[in-house]
Amino acid sequence: MKIGVICNGHRYEQEIELILQLFYDELTVTFAREDDPVPQAPMDMEIVTSLTRASGMIEATATATVPLTRQDQEQDREQETFEARYQRPHEADSGMTSAAQQTETRKQEKQALKHAVLQVMEQVTGRPQSWGILTGIRPTKLLHILREKGHSPAEAARILREDYLVKPDRVALLEEIVERQFEAIPDLNQLQGKEVSLYIGIPFCPTKCAYCTFPAYAINGRNGSVAGFLEGLHYEIDQIGQWLVQRGLGVTTIYFGGGTPTSIEADEMDRLYEHLARYIALDQVRELTVEAGRPDTITPDKIDVMKKWRVDRISINPQSFTEETLQAIGRHHTVEETVEKFRLAREMGMDNINMDLIIGLPGETRNHLADSLSQVGALMPESLTVHTLSFKRASQMTRNKERYRVAGAEEVEAMMEMASSWTKVHCYRPYYLYRQKNILGNLENVGYAIPGRESLYNIIIMEEKQTILGLGCGAVGKHIHPVTGRIERWPNPKEPKAYIERFRDLVAQKIRDLDEMYLDRALQNQ
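Using my numbering, the first residue of the sequence shown is number 11, and each one after it goes up by one.
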């Protein structure tokens, strides 16, 4: 799809393009301004956008002109025009600095333009957008922020519907999730400053799935040895562990991700947990999760090690219960193996197991999802995370789209509705939600759990309520300033070889940054 956009009275090109991307997978946008020549190349659509400010109001308009088919042109119509207009009061707080007022004005202008463009594109395509003008990945965080600013639940819901154009069913979903989050973690808003959480990245997998862009390297590959990586990880745990003890900070949750953390051997897992226990009272950690996502990595001795060290939540992820799908996406394990390893974990006492399913995998339809949900129902894990397939930029699937045919938007939406209805019938409740770029149908990923079995880490990471320290390959720490609340990302190298070569310098720099951040809190408390 080629779209020419003329911008009158504004320069908010990026915001407009983000809205247009909600409607088209393959998109080329050419921008011009009112005093520039109109793009000469043939366009599938032309949109004129205008922004005006007068008498305390901001007004945005969008007019889309679409060439008609030859059949319609024979009826003396060469094009069809759609229009949308949006007005909002220009609210300026007299107590703001001039810089803050300018920032707020730009925010309101962007919002007005996105309103107009979204509404005109819904007319053109006939495709309503459930999430309105929201293009970020954390809608629940927005609802938390609105309530923290003093808005009542009803007022916050109104703002989501009217200011952000979120459809009522999605607003209701966000409200349910936020309420359940506070049931799972009553002190969610008081976690920051007292404790931290840890994410520990193990970058190895038996094979890399076609949709994946997570750090996932062959266990016997050439990109650094397991032994060399674990040496670096032990060192990082030592240094960060000592820092936590010196600062008097506890640990709320620990999450082993990757890759597949259960790709390493049982004795290697044992030594890793033993290292953690030198600095962290594991019996006081609220939740310790291990992503045992690949069933082909789970063995009785590894489950024994996890039980020994009080791992209280694991994930065994089928993604699909269709054999052909597993082979097509490179999982290299069978449906039977998924069921077998799930039952093994159950028999050995693992009583909090999550499973992941992905909606929209190549070749799958509602019938395939119905079968997968039926098989999940026979096992009844404590939680089920329903992902919508996302074409991640660096994945094999994105690089070779012609080989991976996926369902259209309507089918994917129907599959999401099917999954949502199934969870209600089986007494699962939604407790966290996030979105991704290039996600099919502009939908979402939702975590469901039997009440009382929600993943605390998933809530904390998505709502950004607490500092999370990232250790190991591909781990991205989120350091939240204990005074200002500013969030700083701290990524570790993704590749084992790079991590092995640099871990000492990286850990030293990370601790210097943390010292500087937490010094402000110490000074404030004096």
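C-beta: ideal position from N, C-alpha, C; glycine also.
Sheet register partners of residue i (DSSP bridge)
i	result
residue 17	43, 59
residue 92	74
residue 67	64, 99
residue 38	12
residue 300	266, 324
residue 439	459
residue 316	BP columns for residue 316 are empty, so no partner.
residue 489	498
residue 290	DSSP output for residue 290 lists no bridge partner at all.
residue 261	206
residue 400	449
Residue i vs residue j beta-carbon contact at 7 Å
i	j	result
residue 472	residue 168	no
residue 379	residue 316	no
residue 70	residue 96	yes
residue 352	residue 383	no
residue 466	residue 263	yes
residue 495	residue 487	no
residue 155	residue 175	no
residue 68	residue 129	no
residue 521	residue 253	yes
residue 187	residue 441	yes
residue 11	residue 54	yes
Neighbourhood of residue i by C-beta, 7 Å cutoff - its chain only, sequence neighbours within 5 removed
i	result
residue 31	37
residue 360	313, 324
residue 516	502
residue 135	33
residue 39	13, 15, 27, 30
Euclidean distance between Cα positions of residue i and residue j
i	j	result
residue 372	residue 342	16 Å
residue 255	residue 476	18 Å
residue 281	residue 198	32 Å
residue 311	residue 276	6 Å
residue 159	residue 190	20 Å
residue 25	residue 125	11 Å
residue 506	residue 250	19 Å
residue 111	residue 122	16 Å
residue 527	residue 206	14 Å
residue 523	residue 335	45 Å
residue 140	residue 177	5 Å
residue 243	residue 257	21 Å
residue 170	residue 182	10 Å
residue 90	residue 337	46 Å
residue 60	residue 77	21 Å
residue 500	residue 88	54 Å
residue 22	residue 43	11 Å
residue 165	residue 200	24 Å
residue 303	residue 65	58 Å
residue 536	residue 399	Note that residue 536 scores 44 on pLDDT, short of 50, meaning its location in the model is unreliable; the coordinates nonetheless yield the value given after this. Using only the alpha carbons, I get a separation of about 50 Å.
residue 20	residue 444	31 Å
residue 35	residue 145	15 Å
residue 239	residue 290	21 Å
residue 196	residue 157	15 Å
residue 446	residue 419	15 Å
residue 287	residue 464	24 Å
residue 293	residue 478	19 Å
residue 534	residue 354	Any reading at residue 534 must be qualified, since the residue scores a pLDDT of 47, below 50, and its modelled position is unreliable; no value is offered.
residue 273	residue 173	47 Å
residue 519	residue 161	40 Å
Cut-off 6 Å between Cβ atoms - residues of its own chain near residue i, not counting five sequence neighbours on either side
i	result
residue 321	298, 300
residue 348	305, 328
residue 283	319
residue 265	209, 299, 467
residue 131	33
residue 56	14, 75
residue 367	382, 396
residue 416	370, 372
residue 448	400, 401
residue 98	68, 122
residue 93	73
Spatial neighbours of residue i in its chain, beta-carbon cut-off 8 Å, leaving aside the 5 residues before and after
i	result
residue 460	392, 393, 437, 438, 439
residue 423	451, 453
residue 474	148, 151, 488, 490, 497
residue 376	421, 424, 425, 428
residue 18	43, 44, 58, 59, 60, 61
residue 179	140
residue 101	114, 118
residue 163	157, 185
Residue i Cβ short of 6 Å to the ligand GTP heavy atom set
i	result
residue 115	The ligand GTP is not part of this structure, which contains no ligands at all.
Supposed contact pair residue j and residue i - C-beta distance, whole angstroms, cut 8 Å
i	j	result
residue 513	residue 246	6 Å
residue 236	residue 261	Contact flag wrong, Cβ pair sits at about 25 Å.
residue 365	residue 326	6 Å
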